[in-house]
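Residue numbers (the UniProt record's numbering), protein chains in the order written: chain A, 1 to 406; chain B, 1 to 406; chain C, 1 to 406; chain D, 1 to 406.
Input: a single structure, listed below in structure tokens.
Number of protein chains: 4
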Amino acid sequence: MASLKKVVLAYSGGLDTSVIAKWLQETYQCEVVTFTADIGQGEEVEPARAKAQAMGIKEIYIEDLREEFVRDYVFPMFRANTIYEGEYLLGTSIARPLIAKRLVEIANETGADAISHGATGKGNDQVRFELGAYALKPGIKVIAPWREWDLNSREKLMAYCEEHNIPVDFAKQKTKSPYSMDANLLHISYEGGILEDPWAEAEEGMWRWSVSPEAAPDTPTYVTLTYEKGDVVAIDGKAMTPATVLEHLNKVGGANGIGRLDIVENRYVGMKSRGCYETPGGTILLKAHRAIESLTLDREVAHLKDALMPRYAEMIYNGYWWSPERQMLQKAIDDSQTVVNGDVRVKLYKGNVSIAGRRSEDSLFDDKIATFEDDAGAYNQKDAEGFIKLNALRMRIAAGKGRKLS
Amino acid sequence: MASLKKVVLAYSGGLDTSVIAKWLQETYQCEVVTFTADIGQGEEVEPARAKAQAMGIKEIYIEDLREEFVRDYVFPMFRANTIYEGEYLLGTSIARPLIAKRLVEIANETGADAISHGATGKGNDQVRFELGAYALKPGIKVIAPWREWDLNSREKLMAYCEEHNIPVDFAKQKTKSPYSMDANLLHISYEGGILEDPWAEAEEGMWRWSVSPEAAPDTPTYVTLTYEKGDVVAIDGKAMTPATVLEHLNKVGGANGIGRLDIVENRYVGMKSRGCYETPGGTILLKAHRAIESLTLDREVAHLKDALMPRYAEMIYNGYWWSPERQMLQKAIDDSQTVVNGDVRVKLYKGNVSIAGRRSEDSLFDDKIATFEDDAGAYNQKDAEGFIKLNALRMRIAAGKGRKLS
Amino acid sequence: MASLKKVVLAYSGGLDTSVIAKWLQETYQCEVVTFTADIGQGEEVEPARAKAQAMGIKEIYIEDLREEFVRDYVFPMFRANTIYEGEYLLGTSIARPLIAKRLVEIANETGADAISHGATGKGNDQVRFELGAYALKPGIKVIAPWREWDLNSREKLMAYCEEHNIPVDFAKQKTKSPYSMDANLLHISYEGGILEDPWAEAEEGMWRWSVSPEAAPDTPTYVTLTYEKGDVVAIDGKAMTPATVLEHLNKVGGANGIGRLDIVENRYVGMKSRGCYETPGGTILLKAHRAIESLTLDREVAHLKDALMPRYAEMIYNGYWWSPERQMLQKAIDDSQTVVNGDVRVKLYKGNVSIAGRRSEDSLFDDKIATFEDDAGAYNQKDAEGFIKLNALRMRIAAGKGRKLS
Amino acid sequence: MASLKKVVLAYSGGLDTSVIAKWLQETYQCEVVTFTADIGQGEEVEPARAKAQAMGIKEIYIEDLREEFVRDYVFPMFRANTIYEGEYLLGTSIARPLIAKRLVEIANETGADAISHGATGKGNDQVRFELGAYALKPGIKVIAPWREWDLNSREKLMAYCEEHNIPVDFAKQKTKSPYSMDANLLHISYEGGILEDPWAEAEEGMWRWSVSPEAAPDTPTYVTLTYEKGDVVAIDGKAMTPATVLEHLNKVGGANGIGRLDIVENRYVGMKSRGCYETPGGTILLKAHRAIESLTLDREVAHLKDALMPRYAEMIYNGYWWSPERQMLQKAIDDSQTVVNGDVRVKLYKGNVSIAGRRSEDSLFDDKIATFEDDAGAYNQKDAEGFIKLNALRMRIAAGKGRKLS
């Protein structure tokens, strides 16, 4: 077992990470530094202070990272129209690099030689935390208690709490969700419980951030998003910070039943898992970003972005945000966004996001050329013949030599 | 001007292609063969016979190609989860190769040396028809009247009709949609009119195949699709042919407000254009196919398919269905589908398609490994440490040598 | 420590795997089955029998797999013009899947529950052996002694031999190469020793399969390769089996100083390593295969293959030959090769392979079109204008709207 | 026929473009501006002045663009290890964008409304010139005489000269190469003549820039290249400008028989053509750049570059240097090169370029980890087990459920 001096723990203030804090103190005889961040998970972070203090922890970091999270992680990711496996908006994945970065920075500030987190040994999050930490501070030690200890059942955990005087809110434990959940400003996720049967439909009672489409208002809501360099900077004409944009869209999206997703996904560690996600604001952002790009991006740039996107999504899903290859791709993606400016008007209605209009000073849409009416010579239809003939040439030669298509 | 003996015309029976038939006879002094196909556009094809006969046409082909269309074109395309530019389900694009193939086959049967079509010189369809024709019969001549004649306004067209005794249904002309439309079993499309302003929302009255989400039933409809090798073979337990599957899904999808799309797309000929599409059945198929694949496909196969898809979609959109590169990709895609078997239960509600469940004898989902509960040793969490450490190694080395990530 | 019944060992007959055989017997108290294959490494395999018998091993497999190796592994790989990191012809990588497959088959035949190999914990080969074994027989146990034991120096190994009466040919040990080497019909590799300094030039004395370009004959050798479906089936008009083709090309290539390579490569386990390789026949095959493809493949098929190749090479290098994604890609690659037939004439001279000619019944080269002389109308130069105009359209529109290229 | 005011002609000073100059004056009754650039083609450019003056041309541009050519076009391209169709170093392709840019700039300076060039209607160069011109100045007119006039034989051209008093150097015409050639600092190319038979070996007498490997010195030459940010900045310790670097490498490469290539390539206009190329310096640059990257680039960055390269090469070959997609990719490529610093020692010998050593302050090669000797714990071999186990997990699950690999 590694000898540790001081460890920075990603601490939620909840029961599991409280047990971890105690277990680290006891197992490694080391100092523990707690780090609790508000990334929009919707729970108070301040109460974590008292809990940490109660365990004798002296260095306690509690931070509001919402703006940084959306500005430096969520928005750059949406510039690429990023989706994993055709469906997943990467709500959990994108929050991890920021946590990893802060853990390392706090380790540097406090002279800690290790970090620790509460992710299990079966999931993607351990990978994301640890790849990030190793990439930013190669000599760091990582303690992943769920991979080490034997407290692998609720009963053993409770026994540990009793033994170590960790206060348990039994009322809360009883009403605890049967699902494993994770939330931040971009989404809330659900795993486990009946979801472990992919044929079982998710219960209505599970969802927390959105009303069902059935329960959403009977009249649509229209919202206008203003883009600058690929990011939303204003809603309905009102300038907003990145986090405020996402909070606003979550609210209006959730109220209109938008952003529920139920998928089976492939984890980086090699297994399939069922997950349900609510991403109201992100769902709107993806649709709207494609709309403003459709007007402003060159065709080949757009296609190149589409071709690169699955690889970029894999990088983020698998935990390689902090990698030179992600940064290299980001350079190309960001370069494409300088012209992605303008307005998108979206209609939100009972689960649907549809585009009601898009306009831009940087529009490449040319109605004089596109028109079905007389275009006054803007486009010479005769050019099409040569275009087709030469594009067909290789196939005409092949067919002329008897080559068959089957 | 090329000298022609006989030309096979893709003939809808409508006014434009009637003018073309006459114009071909007159301009080229050649025989015209008409070819009219039912590919599910929702209009009777038999009336085309009398109209052709009235113009003195002797060789008249009228065919029901709906099954062939869905079985050999639509279904293979959906095996790849094909979408163009992130949104478009390629409803128009995928119908063209079948028409091109039949035009060439009929030219071979009738001894014709040319084909003709009614697509304009600004669009993608001319490219799709002609690339297909050249690839299948390299010596064929192609007559594209819209690129040649000077009948480039409604007025001139009408004058031509009057002059040449082509009967015009003036009542129909008056109530004519202001949109340029195209329909087949997969979709109906709208272009032109007010859509030429990308900021203008499409009018409710434009849409023909679906009710609006607002007007759809207040209770959801559940449908179970059964897949074999990536294709739907039964709905709600009832075996169906490919065309029947799509017809059924169009009906139930359209009734639930599903499949409307409003986009600005990039044409192969180089301009942006605004299009609206209704693809009720296709929208359900795409979502359901991803769901059955999520359970049955290996992760890397799925990711490889996602990486190849944009290129495959471009091939179809640009008119390269009849090309060796499309066929090469299809081999890989089809190979992946042998295991894509099972059931998907979808919920349709006011424009939303959501997945209520998926199950398969070929499922790779392993609940014993994925579970949050005790997995009885099926998965060794300790393996994750080595997995992460070696995946991080290149970045640890780089960081250790002072390489910075920015 | 796992309890084992019987283990199949990839046994070279050399000292290291002899120690492993003994160590397995002693450590796991299990039966050992040895498997020794001739894959063209250039050493007798039969002597392994007596050595194994001397250790009391009863089930001894000695096999000549040269034809299978070239036919089912080397040739399919060369159909894709496969190179890793722009240089490496994957000589070691491609031999591992065959060994893994036979280890698993022998485990099935002999009722063994484990396999073992002599690859170290730092290299790629452990990964290739084990991924293959797990993919083909998921419940198999794998014993990798170099990752388990503490015999991690030459001294300890020798002490173990003495202690366990493993005969050591001290004469041979003394003249032992300072390099770690691996050979099969495709190549021989060198690592370690002075090569661990990337600035140090490899010594002439290291190379075993080829003369130096300086020492090669002063007159060139011409060889004509005949291809069928992408594979060489005859040399200079004489039909040959796959292994004979490669043996012949190794001989003539080596004699002409062809196929030496000195690179720094990136291992799958995360580190860079320096390797030197001699691949005389493979170097000729790659050049010649590109030449016959240049004449017979459609342009877009060729470009698609080039785009897929780096991913395919990664699969093989990283050990995923036995994976559904490699098989899926192979389907597309093999589909492209049906037309890759004809002759290539290569000139070999002092390290150079150059193409002296290529011809094919399936050639798509059309001299009537390609000619600089009068082509009698086979190609209409005027088509080029439309081709260029429409390909430029998107950029003309952008520039017309003031969009700048920097 | 378009009405022209003034046209800028890419003027070599040779017979063909002299005819074009006259033909433009006569056919369009317009002023002609000549533009003659030294891009290292190895011929004097100054004599073009007198020839242009003799035709009454008043605005004559003669420029030495060698440094700009190598610095802004050749070097950026080599940062991507760019090769078209596995072989071609793009020597012709990369010179065209610079010419197109200068033609447009001169049109802007002189108030010309058109440009003209001497490329034929069958080749790639017309496309490259014109796409570049349209992208940089969308309203420009392009006159491509070879697509317009009827002077399509040597005889007609000569008759035109006689008729228009264009002086013909008959001595030179007689000894004219039977090949169509193009040269710049990166390469010289040959097409036509006996090369139109792909089975015919190129004659020794054709090659102009390099001695044959047979005729090259019997002792090798060693050269050390120093890289900064992916570009060579010094040779054998002597700082050099970009053009000087390439000139020097051409000289030493050519003297050692390096850089001859004989291929059949696929033109963008749809036909296959046979070309021979001499690229002595470029051949050295490609090999050396890969070597310095092998030491300094992260693995995934290198692989991503390899995956993107074929697309990037297509862009350049097809004439899309001046496009937003090429610029987007360049951003990613250039970003990767900040660490590509150090020295590469190459050995040149009778046609061979081999790497004798590479070293860098930015090396990621870690001999403490890579070593076959005891690494003192720098790498934990046990990590490999978990790495392999989890990478195998998806395949173990599949095989465990009976999924077969064939």
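Backbone N, C-alpha and C define an ideal beta-carbon position, used for all residues, glycine too.
Computed from a prediction, not measured in an experiment: that's the story for all the values here.
- Burial state of Glu361 of chain D is exposed, judged by a 10 Å Cβ sphere holding fewer than 16 other Cβ atoms.
- With respect to chain D, the C-beta atom of Ala398 of chain B has a partner C-beta closer than 8 Å.
- Boundaries of the beta strand (DSSP E) around Glu31 of chain A: Glu31 to Asp38.
- The beta carbon of Asn124 of chain B is closer than 8 Å to those of Thr92, Ser93, Arg267, Tyr268, Val269, Tyr317, Asn318 and Gly319 in its chain, skipping five residues each way along the sequence.
- In the structure shown, the three-state DSSP call for Ala234 of chain A is strand.
- Between Pro97 of chain D and the set D:Asp72, D:Glu87 and D:Tyr84, the nearest pair of CA atoms involves D:Asp72.
- The bridge partners DSSP lists for Asp182 of chain C are C:Ser189.
- In this structure, the alpha-carbon of Gly257 of chain B lies about 22 Å from that of Glu204 of chain A.
- Taking 3 residues as the minimum length, the beta strand (DSSP E) runs contained wholly in the region 321 to 376 of chain C are 342 to 349 and 352 to 359, in order along the chain.
- Ranked by Cα distance from Gly402 of chain A, the options B:Val339, B:Ala370 and B:Ala135 are led by B:Ala135.
- Contact check between the region 327 to 346 of chain D and the region 212 to 220 of chain D: fewer than three CB pairs, one atom from each, fall below 8 Å, which does not count as touching.
- Across the region 279 to 299 of chain D, CB contacts with chain B closer than 8 Å involve Asp298 and Arg299, in sequence order along the chain.
- For Val19 of chain C, the secondary structure class from DSSP, reduced to helix, strand or coil, is helix.
- When beta bridges are read from the DSSP output, Lys156 of chain C appears opposite no residue.
- Residue-level contact by beta carbon holds for Gly351 of chain B and chain A, with a gap shorter than 8 Å.
- Val223 of chain C sits in a strand when the DSSP states are folded into three classes.
- Counting other Cβ atoms within 10 Å of its Cβ, Arg396 of chain C reaches 16 or more and is therefore classed as buried.
- Interface criterion met: the Cβ of Phe372 of chain B is under 8 Å from a Cβ in chain A.
- Leu405 of chain D is not a Cβ neighbour of Pro76 of chain C, given a cutoff of 8 Å.
- Ranked by how close their Cα comes to the Cα of Gly86 of chain A, the residues A:Ser363, A:Leu261 and A:Trp321 have A:Leu261 in first place.
- Relative to Glu385 of chain C, the option among D:Phe69, D:Ala144 and D:Phe35 whose CA is nearest is D:Ala144.
- Collapsing the DSSP output to three states places Tyr379 of chain B in coil.
- In its chain, beyond the 5 residues on either side, Val70, Leu185 and Gly281 have a beta carbon closer than 6 Å to the beta carbon of Leu246 of chain A.
- Residue environment: Thr17 of chain B is assigned as buried (16 or more neighbouring CB atoms within 10 Å of its CB, all protein chains considered).
- Of the residues assessed, Asp64 of chain A falls on the exposed side of the cut-off, its CB having fewer than 16 other CB atoms within 10 angstroms.
- Under the three-state reduction of DSSP output, Asn266 of chain B falls in the strand class.
- The Cβ of Phe387 of chain B sits closer than 8 Å to at least one Cβ of chain D.
- Inter-segment contact for the region 284 to 295 of chain A and the region 341 to 355 of chain A is present: three or more beta-carbon pairs are separated by less than 8 Å.
- Bounds of the beta strand (DSSP E) holding Lys272 of chain C are Lys272 to Glu278.
- With 16 or more neighbouring CB atoms inside 10 Å of its own CB, Lys137 of chain C falls in the buried class.
- Look at Ser153 of chain D: its C-beta is under 8 Å from a C-beta on chain C.
- Looking at the DSSP output, Ala10 of chain B bridges to B:Phe35.
- Comparing alpha carbon positions, the residue from C:Ala200, C:Val8, C:Glu109 and C:Tyr379 closest to Thr120 of chain D is C:Tyr379.
- One thing to note: Ala302 of chain D has its Cβ no nearer than 8 Å to the Cβ of Val344 of chain D.
- Residue burial annotation: Pro242 of chain A is buried, with at least 16 other C-beta atoms found within 10 angstroms of its C-beta.
- The beta carbons of Val142 of chain D and Glu130 of chain D sit closer together than 8 Å.
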